[in-house]
Amino acid sequence: MHFKQRTLEQTAACSGIGLHSGKNVNLAIKPAPINHGIKFIRTDLQDNPSITAHFNRVVDTSLATVIGSDGCIVSTIEHLMASFAGLSIDNAEVELDAYEVPVMDGSAGPFTNLIKTAGIREQTAARHFFVIKEPIILEENAKTVAVYPGNTFKITCSIEFDHPLIGKQSYSKEISDNVFETEICRARTFGFLHEVEYLKRYGLARGGSLENAVVIDKHQILNDGGLRYPDEFVRHKILDCLGDFSLLGMPIMGHLVVNRSGHAFNHAFLEKFFSNKKSWETSIVSGSSDRPSSRP
Ligand SMILES: [Zn+2]
């Protein structure tokens, strides 16, 4: 766990296509000063408007996480945000020349490699954490998102799909850079063939292909080479959670338990979390002790 804020050593850049738009986009991730947070800048629009990656800027969660402000949007931010969260990057400026972050291979692996190659710099200021004091739980039908007090950041995630290749999967880990890089960041997004066909019929998922998603029909995985991890599906859900929960703007010190959730329900939880102010405090955490010290 990192207790000082971090940014990139130098600019990292890549290009690719948007999952839903199918359009080519150039992306540059730049270092940013302390307490800057993560901001997206649309270089293709007049005056280069910027949007802070914060849950109060979320405007849509139906197919991907979309943030917006004053009529300008940035779509499908969750896998890049997962890379920032997984590598404990607090401050960065993300420039892009279209409305959608490139999908790359459908995981956070390419962004993670890009950031690691550019280098990560520790900054002088302490990180502030949301330290959980009492549980916050959101339940609806079979879906649950909850957070409990703890001295680390841990995620437990479960999924259940009525499909023989997925079924019930569960994964629980304390998240560190190393765990993120080796066990989570390469897990790809997934979809069922009939859903992909449906989306394409309505002009969505235009950029979607076997190059950037695991696609499953009734009986089999259509991608050559199969899965990257035997439980790649639940690992991708953890990746999505890292991205979605990073929109709180500060890391969590506690145990996040997520059962059968998705972007929309994760977002509903963030709103409940933020309004339950008595259940958490924002603190810096000293590296030599597990005990959080309250901000004066
Ligand atoms: Zn995803």
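All residue numbers for the sequence shown refer to the working numbering, where the first residue is 138 and numbers rise by one. Heads up, the beta-carbon is just placed ideally off N, CA and C, and yes, glycines get one too. Quick caveat, the model's predicted, so the values are computed rather than measured.
Buried/exposed call for residue i, threshold 16 Cβ in 10 Å
i    : result
S244 : buried
A149 : buried
L330 : exposed
S152 : exposed
R325 : buried
N228 : buried
D361 : exposed
G246 : buried
Proximal residues to residue i (C-beta, below 8 angstroms), its chain only, five neighbours per side dropped
i    : result
T180 : E232, L233, D234
S309 : K291, I292, T293, C294
K305 : S295, I296, E297
G344 : I154, G155, L156, H157, S158, G159, K160, V240
S430 : Legend: pLDDT at S430 = 47, less than 50; position of this residue unreliable, no value from coordinates given.
Proximity test, residue i beta-carbon vs ligand 1 heavy atom, cut-off 7 angstroms
i    : result
D368 : no
D354 : no
D197 : no
L341 : no
E320 : no
H157 : no
Three-state secondary structure assigned by DSSP to residue i
i    : result
P247 : helix
A279 : coil
L385 : helix
M390 : strand
V395 : strand
L341 : coil
Y366 : coil
E348 : coil
D314 : helix
P433 : Here P433 scores only 40 on pLDDT, less than 50, and its place in the model should not be relied on; the value that follows carries that caveat. Correct three-state label for P433: coil.
Rounded Cβ spacing between residue i and residue j (contact assumed at less than 8 angstroms)
i    : j    : result
F402 : L393 : Not a contact, Cβ separation roughly 13 angstroms.
G256 : L145 : 7 angstroms
K141 : A222 : Between A222 and K141 the Cβ distance is about 16 angstroms, and since that is not below 8 angstroms, they are no contact.
L275 : A169 : Actually they do not touch by this definition, with Cβ atoms about 32 angstroms apart.
I83  : N185 : The structure shown does not extend to residue 83, since the chain spans only 138 to 433, so no value can be given for it.
I375 : I321 : 6 angstroms
F436 : F370 : Because residue 436 is not part of the residues shown, which for the chain are 138 to 433, the question remains open.
I166 : V284 : Not really, about 28 angstroms apart at Cβ, beyond 8 angstroms.
Cβ shell of residue i (< 6 angstroms), same chain only, five flanking positions each side left out
i    : result
T160 : It is worth fixing the name first, because residue 160 is Lys in this sequence and not Thr. Around K160: A235.
Residues near residue i in its chain [Cβ-Cβ closer than 7 angstroms; skip 5 each side]
i    : result
A342 : L156, H157, V333, L336
L200 : H157, L341
W417 : F267, V268, I269, K270
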